[in-house]
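Residue numbers (the working numbering): 2 to 124.
Quick reminder that beta carbons are idealized off the backbone N, C-alpha and C, glycines included.
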């Protein structure tokens, strides 16, 4: 359904350091300075707001990233914390709800954007 997700940042160099570490690869910059990270045909982007106003995180918004195993989620979460992100909500682990059994980990990036690492086991 989605082609890409974009979050705002007030400091793209700081954001690049964080997301390069989080995704364990270097992001690409376009001619406007926006950062992009691709995985499995999807693109995650970071940009200064186009309207020139300060970037703010969306209250109630979460950007989720799919992983193949709980170990990949844990590694993603560890890299994010080491790169200046903040672990939030419950520690990484299994949860069950109306969506089934999920392995989840949550972070806030240095600009306050909420990120989720998710592994959904095959049913």
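Check                                                                                                        : Outcome
Proximity to residue 71 [Cα-Cα], best of 4, 104 and 58                                                       : 104
Where the beta strand (DSSP E) containing residue 115 begins and where it ends                               : 115 to 120
contact_flag[the segment 46 to 66, the segment 83 to 102] where n(CB pairs < 8 Å) is 3 or more               : no
Residue from 7, 78, 111 and 114 with nearest C-alpha to residue 36                                           : 7
Residue 112 - containing alpha helix (DSSP H), residue span                                                  : It is not in any alpha helix (DSSP H) - residue 112 carries neither H nor E in the DSSP assignment.
Nearest-angstrom Cα separation, counted from residue 67 out to residue 95                                    : 14 Å
Sub-8 Å separation of residue 80 and residue 22 beta-carbons                                                 : yes
Buried versus exposed call for residue 3 [16 or more other C-beta atoms within 10 Å across all chains shown] : exposed
Through-space distance from residue 69 to residue 76, alpha-carbon basis                                     : 12 Å
Per-residue DSSP class, three states only, for residue 73                                                    : helix
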